[in-house]
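Just so we're aligned: the sequence shown equals residues 264 to 654 in this note's numbering. Report on one structure; see the data block that follows.
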Amino acid sequence: MTQALAADIDLFTDDALAHPHEHYRRIRDAGTAVHLDRYGVWALGRYDDVRAALNDWQTFTSSEGVALNPASRATTKGLIIATDPPYHDVLRGVLTEKLSPRALRVLHGGLHEQAQVLVDEVIARGEFDAVHDLARAFPVQVVMDLIGLPRSLGDRALGWAEAAFNAGGPDIARTRDAMPLLEDQFAFLAEMHKDDLVEGSFGWVIFDAADRGIIERESVVPLMSAYVTAGLDTTINAISAGIGYFADHPDQWAALRADRSLIPSAFNEIVRLESPLQWFSRVTTRDVVYDDVTIPAGERVLMLYGSANRDERKWGEDADVFDVRRDNMDHIGFGSGVHGCAGQGLARLEGLAVFTALAERVSSFEVGARERRLNNRIRGWASLSTTVTLG
Ligand code: HEM
């Protein structure tokens, strides 16, 4: 009975993408697993259920793809995110060393310097777009350098990422419009050779793993694609969301400036509240019985990270409040389980570098005109017209 209250929800209209949280609340309140009739998929919205499902890949498989439409699933076949263990772990192992805490420690100083230069540059302009000039510029520099691709490819890669995340949606116009650019990305990467990449870079290491027979040759393009796509838009949206939150909550920025050790938990809080990646999906390999409902085997299920991260059952009545001191370590904005974000250490380091550089110079942010970007899977700002007060 309660299920029916949410069965009509469409999470992919412009309005729902701009304001998803009222829909998520309806889903959470309607029950554990809710069938969304319009797209014929189930949705899990409560924290405990999403987390449990993510940690049970045998029951909630990724190997049937994580997109909601068959065309996108066909194009992205073989992506790490669409592969189960044991081969998933082989793919994951290729860049484990590159993203290890030890490797990130080496990067640390360089990222701080890069962030400082960029922050000084944007502050000198007086007014800047925190999305375009700062939040995009920084991860593009960092990720393109790490992957071993020229920074000049950054704008094209951003277009690919936008398209890749849209392409995972249900069969609607926004999804269909994204398909050509998704295919463009795969076609571009398929033309690449090891020699096009800087020796020792992520991209080079992926080709090398194929040369050494560690991964299959046909895994090179999807693995490159995963890091190019996932490394950009996610961090970009977290950094810009953070600036939006700090503009709206000057007390939180003051607290962070007074105690810089709060920056890591502030970044977690941004990722919890914004959830730059709103969902992926899985397919059930057996009937899954909840108290109120059973999801039959073979059904597609949305894992609503954005909902779980605001579930009052987990976070309390102030779940929607931005609080940099919150105990938020176990949010699932980076996913959980075997597919838990491979780049989260890097993302945290980028966040630390940018917000440290800002904390050194900026006493407050003022955001004027702001525009949401509407993407089937990604939540973020299209632009934030920003000025800062120094001090
Ligand atoms: C704030 C920034 C980021 C957020 C919110 C984020 C979020 C996520 C989430 C939710 C997943 C899990 C997907 C699933 O459950 O199927 C994931 C996986 C992944 N992320 Fe991130 N991510 C971020 C940054 C990055 C960066 C910087 C990189 C790479 C340099 C990266 C690379 C990946 C990869 C390769 C996977 C797939 C892991 C696998 O399937 O084993 N991410 N990310």
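Backbone N, C-alpha and C define an ideal beta-carbon position, used for all residues, glycine too. As the structure is a prediction and not an experimental result, all values here were calculated from the model.
- The straight-line gap separating the alpha-carbon atoms of residue 604 and residue 598 is approximately 6 Å.
- Per DSSP, the beta-bridge partners of residue 298 are 305.
- Counting of Cβ neighbours within 10 angstroms places residue 553 among the exposed residues, the total staying below 16.
- Nearest to residue 482 by alpha-carbon distance, out of 357, 620 and 562, is 357.
- Sixteen is the threshold: since fewer than 16 other Cβ atoms of the shown chains lie within 10 Å of the Cβ of residue 524, the residue is exposed.
- Here the segment 609 to 626 does not lie against the segment 322 to 330, with fewer than 3 beta-carbon pairs under 8 Å apart.
- With fewer than 16 other Cβ atoms inside 10 Å of its own Cβ, residue 318 counts as exposed.
- When DSSP states are grouped into helix, strand and coil, residue 275 belongs to the coil group.
- Less than 7 Å divides the Cβ of residue 541 from the Cβ of residue 642.
- Judged by beta-carbon spacing, residue 538 lies beyond the 7 Å limit of residue 565, meaning their Cβ atoms are not closer than that value.
- The beta carbon of residue 435 sits closer than 7 Å to the beta carbons of 275 from its chain, once the five residues preceding and following it are set aside; these are given in chain order.
- In this structure, residue 344 has its beta carbon less than 6 Å from a heavy atom of the ligand HEM.
- For the pair of segments examined, the segment 579 to 590 was found not to touch the segment 285 to 295: the number of CB pairs separated by less than 8 Å stays below three.
- Annotation: residue 569 is outside any beta strand (DSSP E); the continuous alpha helix (DSSP H) that includes it extends over 568 to 571.
- In this structure residue 654 is exposed. Its beta-carbon is surrounded by fewer than 16 other beta-carbon atoms within 10 angstroms.
- Contact annotation, residue 558 with residue 547: C-beta distance approximately 5 Å; criterion of less than 8 Å satisfied.
- Distance between residue 454 and residue 484, taken at the CA atoms: about 9 Å.
- From the listed residues 561, 300 and 394, the smallest Cα separation to residue 650 is found for 394.
- The shortest C-alpha to C-alpha distance from residue 574 to any of 627, 489, 504 and 295 is the one to 295.
- Residue 536: member of the alpha helix (DSSP H) spanning 526 to 537, first to last residue.
- Shortest Cα-Cα distance from residue 467 to any of 618, 424 and 409 involves 409.
- With a beta-carbon spacing of about 19 Å, residue 449 and residue 638 fall beyond the 8 Å limit used to define contacts.
- Inter-residue distance for residue 347 and residue 323 is about 10 Å (C-alpha atoms, whole angstroms).
- Distances taken from the Cβ of residue 490 to the heavy atoms of the ligand HEM include one shorter than 6 Å.
- With a 10 Å radius around the Cβ and a threshold of 16 neighbouring Cβ atoms, residue 325 comes out buried.
- Contact check between the segment 416 to 432 and the segment 394 to 406: three or more CB pairs, one atom from each, fall below 8 Å, which counts as touching.
- Along the segment 452 to 511, the alpha helix (DSSP H) occurs as fully enclosed runs of 4 or more residues at 465 to 474 and 483 to 511, listed in sequence order.
- Secondary structure at residue 648: strand, using DSSP grouped into helix, strand and coil.
- C-alpha of residue 471 to C-alpha of residue 496: approximately 26 Å in a straight line.
- If you check the C-beta of residue 642 against the ligand HEM, you find no heavy atom less than 6 Å away.
- Residue 280 has its alpha-carbon roughly 28 Å from the corresponding atom of residue 527.
- Counting the other Cβ atoms within 10 Å of the Cβ of residue 335 gives 16 or more, which makes it buried.
- With a 10 Å radius around the Cβ and a threshold of 16 neighbouring Cβ atoms, residue 425 comes out buried.
- The beta-bridge partner set that DSSP reports for residue 634 consists of 646.
- Going by DSSP, residue 547 is part of the beta strand (DSSP E) stretching over 542 to 547.
- Rounded to whole angstroms, the Cβ separation of residue 618 and residue 529 is 7 Å, and the two are in contact under 8 Å.
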